[in-house]
Amino acid sequence: MPSYCQIISSALPLSLESIGNDWIQETIERPDGYPLYHWIQTTAGQGEIWIDGQNILLKEGQGILIPPHMPHTYHPTDSWETCFATFNGTIQEQIPKILGTDQWILGENTDKYSYTDWIEQTLERYKSYQINSLTTSKDIYSFLQQLAQNNVHAHAKIAQPIYF
1 MPSYCQIISS ALPLSLESIG NDWIQETIER PDGYPLYHWI QTTAGQGEIW
51 IDGQNILLKE GQGILIPPHM PHTYHPTDSW ETCFATFNGT IQEQIPKILG
101 TDQWILGENT DKYSYTDWIE QTLERYKSYQ INSLTTSKDI YSFLQQLAQN
151 NVHAHAKIAQ PIYF
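Just so we're aligned: 5 in full-length UniProt numbering is position 5 of the sequence shown, and the numbers increase by one with no gaps anywhere.
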């Protein structure tokens, strides 16, 4: 269950404050939320998240992007493995504009885009010393755009993309 912190510079437009996979997920309670955007996704089993007055079941391949400081709790409903990423960078305050919402967003792997694969590939590049910081920053933007385009959270609206 590897977890890595700040694998590329936070001086880039978008960066990874933390990233991990194969995580045996335990119960987490965050009454004040997390200070950054936080993606958590089920890779095996399932878990429940309580957020914004709703109880959401995250099955394999499903994930949620939680905005900063939004109170939430999550716990396994059986064995639960997750992958995750938290985002920072010089334009982190602009992430709501990239997403078209300042609310949480549900997403899941599709044939066209896999959030799980993106995390695994990013970690592989990092562990093999082949990570390119600028490319990774651009890839984070693409990751967020995929969430915005495939958003299944009903009250989010899509804004114009931000270019950097």
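A virtual CB, placed ideally from N, CA and C, is assigned to each residue, including glycine. Keep in mind the model is a prediction, meaning the values are calculated, not measured.
- Just so you know, the alpha carbons of Q46 and I98 end up roughly 28 Å apart.
- Considering only G89, K59, L57 and G107, the residue with the shortest C-alpha distance to S137 is G89.
- Among the bridge pairs identified by DSSP, A85 is matched with I19 and W39.
- In the assembly as shown, T101 is a buried residue. Its beta-carbon has 16 or more other beta-carbons within 10 Å.
- Within the model, the alpha-carbon separation for P71 versus Q54 is close to 11 Å.
- Counting along the chain, the unbroken alpha helix (DSSP H) around Q145 starts and ends at S133 to Q149.
- Here Y126 is near I7, since their CB atoms are less than 7 Å apart.
- Under the three-state reduction of DSSP, W104 is assigned to coil, being neither helix nor strand.
- Of the residues G20, Q130 and Q94, the one whose Cα lies closest to the Cα of I119 is G20.
- Membership of I95 in the alpha helix (DSSP H) is indicated by the continuous run I95 to L99.
- Taking 8 Å as the upper bound for CB-CB distance, I140 and L16 are in contact here, some 7 Å apart.
- C-alpha of K59 to C-alpha of S128: approximately 30 Å in a straight line.
- Taking C-beta separations shorter than 6 Å and ignoring five residues to either side along the sequence, the partners of Q62 in its chain run T42 and E108, following chain order.
- In this structure, DSSP gives D78 an extended state, which the three-state scheme calls strand.
- The residue among A44, I49, S18 and S10 with its C-alpha nearest the C-alpha of I28 is I49.
- Judged by DSSP in its simplified three-state form, Y126 adopts helix.
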